[in-house]
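Colleague: Per my numbering, residue 466 is the first one in the sequence shown, and the count goes up by one each step.
Just passing along the structure, written as structure tokens.
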Amino acid sequence: MVAPDSLARPQAAAQAAQAATPAPARALLPSLALVMFAVVANYAALLAVLLPNHVEAIDPDRKVTNLAIVTSVSFGFTILAQPLVGALSDRTRSRLGRRAPWLLGGAVVAAGFLLGLGGLGSVAWICVFWVVIQFALNGTDVAAAATLADRVAPARRGRASAVLAGGGMAGAAAGTAFAGPLAVDHRPVAYTVLGLAVVAAAAVFVLVDRPQPTQQGSGRTELLRGFWRRPREHADFLRVFGSRLLFVLGYQLILTYQLYILTDYVGLGRGDANRLIGLLTVLGFATTVVGIAVGGWWSDRSGRRTVFLVAAAAILGVALAVPLASATTAAVVVFAAVQGLAGGLYLACGNALAIDVLPDREAAAGKDLGLFNVAVNVPQTIAPPVAAAVIHLFDGYRALFAVALVSVAASAVLVTRVRHTEHRGGEVT
């Protein structure tokens with residue numbers, strides 16, 4: 466795959482590009498991290514705790530199939546949310562800048578539908594509401610990611626990505642721990658608090674961010690054509706896309722059925738399983754912070770990204786092998802700790818590499834990052850039916866860990882083929 470021309474220029478040109486990148490406001494990264502905290506808290510709380518409990522309360526006998534329907538249908542409908550919102554934000558002109566209106570608007574829409582989600586007693590209506598919530602949260606997510614691409618130069622992207630990833634992982638831990646005790650008897654309260662939290666975070670970002678001048682966008686024809694990226698011209702972008710898709714699929718196959726793994730595979734009661742999910746998430750968060758900090762700083766300092774992604778896949782493979790070999794509480798505790806380290810490395814270095822290989826960072830960062838994040842949405846769409854099929858066909862959850870392990874190994878192989886010239890630039894001023 467051929468890297469974009471701007472990434473293949475000599476070091477002097479790369480340093481000049483860095484100098485041309487405007488220095489971000491001091492409050493930018495903390496405010497973006499707060500947004501990611503709230504967005505990921507919603508995702509983690511709903512996907513790992515609230516929706517599985519909600520679906521099980523409606524029809525316990527069909528919980529696996531119904532959860533697969535709810536999650537896969539919603540992800541399927543929202544799979545193009547990020548590219549679409551990203552492309553529109555690239556072309557937006559406003560006093561708030563081009564990203565903030567979409568970031569705040571997505572948060573408000575998501576909160577509105579979260580307020581109504583708790584009172585639903587139908588799987589079909591849960592699907593409808595979750596589709597809208599997913600679409601809105603995806604818009605907020607990509608607007609935040611595109612802001613980082615707009616405002617941070619290559620030599621600091623690893624650390625900047627680490628800050629946002631840290632915010633997201635803190636949100637995952639907080640959201641899951643918060644939702645666990647409320648999942649059975651107080652779901653509407655949990656949905657409401659999560660919705661208000663994402664609006665508050667988006668409002669903080671809008672208040673502290675300094676709007677940047679925007680260029681006039683392209684016409685509708687150019688906008689639609691821009692969604693296609695020629696494989697030969699942008700091969701690294703596609704390889705990084707494929708590697709991320711396979712890594713996330715391996716992770717998502719387990720996350721989607723985490724509650725049922727604890728109850729049906731390990732043998733815990735539902736109450737104990739809900740409480741343990743919160744503890745496992747906190748444990749995973751602690752090790753994720755280590756992976757994020759080490760990966761973000763070290764990849765910036767070394768100027769390399771891919772070696773850390775291969776290491777992340779290898780570590781996640783080790784994590785998956787433990788519960789594959791042993792269906793015990795101790796095994797899932799080890800899994801949570803080790804997969805957190807892998808996830809941290811991948812979040813910091815994967816997001817930085819994605820920005821490094823964008824085909825057109827100046828004019829189309831939002832759209833291209835949205836396309837790249839389809840590599841997260843596709844696994845979320847297909848993981849529930851794939852996992853349900855594996856569980857039913859092989860009569861259990863052990864095969865699920867094996868399939869996840871294969872997917873993660875394929876991710877490592879693909880990222881080794883990325884030919885992007887690693888950055889060697891200096892600091893951002």
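In this text, a Cβ means the ideal position worked out from N, Cα and C, and glycines have one as well.
Straight-line CA distance for L761 to A552?
Modeller: Reading the sequence as shown, one finds Gly at residue 761 and not Leu. Taking the straight line joining both Cα atoms gives about 27 Å.
Colleague: Counting only the same chain and skipping the five closest in sequence on each side, list residues whose C-beta sits under 6 Å from that of R882.
Modeller: Excluding residues within five positions, the ones whose Cβ falls inside 6 Å are R704.
Colleague: Looking only at its chain, what residues have a beta carbon closer than 7 Å to the beta carbon of R740, apart from the 5 residues adjacent to it on each side?
Modeller: Cβ within range, chain order: G645.
Colleague: Report buried or exposed for F837, applying the criterion of at least 16 other Cβ atoms within 10 angstroms of its Cβ.
Modeller: Burial call: buried.
Colleague: List the endpoints of the continuous alpha helix (DSSP H) containing G815.
Modeller: Residues 794 to 821.
Colleague: Between the region 731 to 749 and the region 639 to 655, do three or more beta carbon pairs fall short of 8 Å?
Modeller: Short answer: they touch.
Colleague: State buried or exposed for D595, treating a residue as buried only when at least 16 other CB atoms are found within 10 Å of its CB.
Modeller: Per the sequence shown, residue 595 should be read as Trp rather than Asp. Under this definition W595 is a buried residue.
Colleague: Taking the alpha carbon of T612 as the reference point, which residue from F600, A601, A625 has its own alpha carbon closest?
Modeller: With distances taken between Cα atoms, T612 lies closest to A625.
Colleague: Measure the alpha-carbon distance for R770 versus V759 and round it to whole angstroms.
Modeller: If you take the alpha carbons of R770 and V759, they lie about 12 Å apart.
Colleague: Just the Cα atoms here: how many angstroms apart are F670 and D860?
Modeller: F670 and D860: Cα-Cα distance of roughly 48 Å.
Colleague: Is there at least one non-hydrogen atom of the ligand GTP closer than 7 Å to the beta-carbon of L744?
Modeller: With respect to the ligand GTP, the structure shown offers nothing to examine, as it has no ligands at all.
Colleague: Scan the region 828 to 862 and note each continuous alpha helix (DSSP H) run of 4 residues or more that stays entirely inside, going in chain order.
Modeller: Taking only runs of at least 4 residues, the alpha helix (DSSP H) segments lying wholly in the region 828 to 862 are 839 to 858.
Colleague: Can you tell me the Cα-Cα spacing of G831 and A614, whole angstroms?
Modeller: Distance between the alpha carbons of G831 and A614: 8 Å.
Colleague: Exposed or buried, what is P525 when buried is set at 16 or more other beta-carbons lying within 10 Å of its beta-carbon?
Modeller: The residue is exposed, with fewer than 16 neighbouring Cβ atoms inside 10 Å.
Colleague: Do F578 and T846 come within 8 Å of each other at the CB atom, strictly closer than that value?
Modeller: No, the Cβ-Cβ distance between T846 and F578 is not below 8 Å.
Colleague: When the distance is taken between beta carbons, is Y730 closer than 8 Å to A852?
Modeller: Their beta carbons are not under 8 Å apart, which means A852 does not touch Y730 by this criterion.
Colleague: Cutting at 7 Å between CB atoms, please list the residues of its own chain near E521, excluding the five before and the five after it.
Modeller: Correct list, in chain order: K528.
Colleague: What does the alpha-carbon distance come out to for the pair V878 and C814?
Modeller: Each residue's alpha carbon lies about 16 Å from the other.
Colleague: Between V871 and A665, what straight-line distance do the alpha-carbon atoms span, to the nearest angstrom?
Modeller: Distance between the alpha carbons of V871 and A665 is about 40 Å.
Colleague: Should V663 go down as buried or exposed, given a rule of 16 or more other Cβ atoms within 10 Å for buried?
Modeller: That one is buried.
Colleague: Would a C-beta distance cut-off of 8 Å place G756 and L810 closer than the cut-off?
Modeller: Cβ atoms of G756 and L810: closer than 8 Å.
Colleague: Would you call S559 buried or exposed, if buried means 16 or more other Cβ atoms sit within 10 Å of its Cβ?
Modeller: Label assigned to S559: exposed.
Colleague: Starting from the Cα of A575, find the closest Cα among T657, A635, S554 and give me that residue.
Modeller: Of the listed residues, the one whose Cα sits closest to A575 is T657.
Colleague: From the DSSP output, in three-state form, read off Y656 for me.
Modeller: Here Y656 sits in helix by DSSP.
Colleague: Quick check on the DSSP output: the alpha helix (DSSP H) that includes I780 runs from which residue to which?
Modeller: 771 to 790 is the extent of the alpha helix (DSSP H) around I780.
Colleague: Here's the rule I'm using: 16 or more other beta-carbon atoms within 10 Å means buried, otherwise exposed. How should D555 be labelled?
Modeller: Buried: at least 16 other Cβ atoms inside 10 Å.
Colleague: Have a look at R863, L745, L714, V799 and flag the residue whose alpha-carbon is nearest the alpha-carbon of A848.
Modeller: Comparing Cα-Cα distances from A848 to each of R863, L745, L714, V799, the minimum goes to L714.
Colleague: Kindly indicate the opening and closing residues of the alpha helix (DSSP H) around H519.
Modeller: Looking at the DSSP string, the run of the alpha helix (DSSP H) that includes H519 is 516 to 523.
Colleague: What's the gap between the Cα of A627 and the Cα of L812?
Modeller: Rounded to the nearest angstrom, the two C-alpha atoms are 7 Å apart.
Colleague: According to DSSP, is G645 helix, strand or coil?
Modeller: Three-state result, G645: helix.
Colleague: Does T536 come out as helix, strand or coil in the three-state DSSP assignment?
Modeller: DSSP places T536 in helix when its eight states are reduced to three.
Colleague: For a cutoff of 8 Å on Cβ pairs, would you count P824 as touching chain D?
Modeller: This model lacks chain D altogether; it includes just one protein chain.
Colleague: Just the Cα atoms here: how many angstroms apart are A513 and V839?
Modeller: So the alpha carbons of these two residues sit roughly 20 Å apart.
Colleague: In whole angstroms, what is the alpha-carbon distance linking R685 and P844?
Modeller: Because R685 sits at a pLDDT of 47, beneath the cut-off of 50, its placement in the model cannot be relied upon, and the following sentence gives the value as read from the coordinates. Roughly 29 Å between the two C-alpha positions.
Colleague: Buried or exposed: A479, going by 16 or more other Cβ atoms within 10 Å of its Cβ?
Modeller: Residue confidence is low: A479 scores 40 on pLDDT, short of 50, so the model does not pin down where it sits. No coordinate-derived value is stated.
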